[in-house]
Each structure stands twice: as C-alpha cells, then as structure tokens.
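Trainee: Structure below; questions to follow.
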Amino acid sequence: MRIIFSSKAWEDYVHWQQADKKILKRINDLIKAISRDPFDGIGKPEPLRHGLSGYWSRRINDEHRLIYKVEGEDFLIAMCRYHYQ
Numbered sequence: 198m199r200i201i202f203s204s205k206a207w208e209d210y211v212h213w214q215q216a217d218k219k220i221l222k223r224i225n226d227l228i229k230a231i232s233r234d235p236f237d238g239i240g241k242p243e244p245l246r247h248g249l250s251g252y253w254s255r256r257i258n259d260e261h262r263l264i265y266k267v268e269g270e271d272f273l274i275a276m277c278r279y280h281y282q
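For our numbering, add 197 to where a residue sits in the sequence shown, where the first one is 1.
Pasting the structure below:
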C-alpha cells in the first residue's frame, strides 16, 4: 500500500517528531498495521459516520486518533492529532 499524508496530517506527524517520540512510535506502528490490514488490528479500528463517512479511526491514545481512508492500493492519512476535528 502507498501511504499519502494530507497537509494537515503531515503537520501533525512533524509535530510528533519534535514533541513526543513515544506517540510517534505508536503512529508508525498503526501505519504498519494499516498496511497489513486496513480494517482490523491494533488501535480499535472503527468506521466513521456522518461528515467523515468513508474514513476510519484508530486510537493513538485516549486523546488522539489516526484518521485515514483506504482508496484502492493507497491509504490517505487525514490527521494524527486530536480527536475528529
């Protein structure tokens, strides 16, 4: 699978590189898990509804979520900081 970051998600990812290496490692682990199986695995994957229909969420921790969408062989990371903004 090819990984594509939205501009917001890339800003979030760079933030974690500078702010918290533990969360960055968790995000990288989630990305690897999504590459293996987009809809099952660690982080309690769940489909989102309403305005984010078509997107999925995985828990980074209690406060932050990794939001992504699978499109064919690609997956788009929409955000990896905060909670459904």
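Think of the CB as a built atom: it goes at the ideal place given N, C-alpha and C, for glycine as much as any other residue.
Three-state secondary structure (DSSP) at Ile239?
Mentor: Ile239: coil per DSSP, three-state reduction.
Trainee: Mind checking Pro242: buried by the 16 CB within 10 Å criterion, or exposed?
Mentor: By the 10 Å Cβ count, Pro242 comes out buried.
Trainee: What whole-angstrom Cβ distance do Leu273 and Ile224 have, given they're in contact under 8 angstroms?
Mentor: Actually they do not touch by this definition, with Cβ atoms about 15 angstroms apart.
Trainee: For Ser250, which three-state DSSP category applies?
Mentor: Of the three classes helix, strand and coil, the one that applies to Ser250 here is coil, per DSSP.
Trainee: Give the DSSP-derived three-state secondary structure of Ile228 in the structure shown.
Mentor: If DSSP states are grouped into helix, strand and coil, Ile228 belongs with the helices.
Trainee: Sort out for me which residues DSSP pairs Lys198 with in a bridge.
Mentor: Going by the sequence as given, residue 198 is Met instead of Lys. Paired residues: none, contrary to the question.
Trainee: First and last residue of the alpha helix (DSSP H) that includes Tyr210?
Mentor: Its alpha helix (DSSP H) spans residues Ser204 to Ala216.
Trainee: Could you tell me how far apart the beta carbons of Lys229 and Gly251 are, in whole angstroms, since I believe they sit closer than 8 angstroms?
Mentor: Contact flag wrong, Cβ pair sits at about 22 angstroms.
Trainee: By the three-class DSSP mapping on this structure, what secondary structure does Leu221 have?
Mentor: Looking at Leu221 - three-state DSSP - the assignment turns out to be helix.
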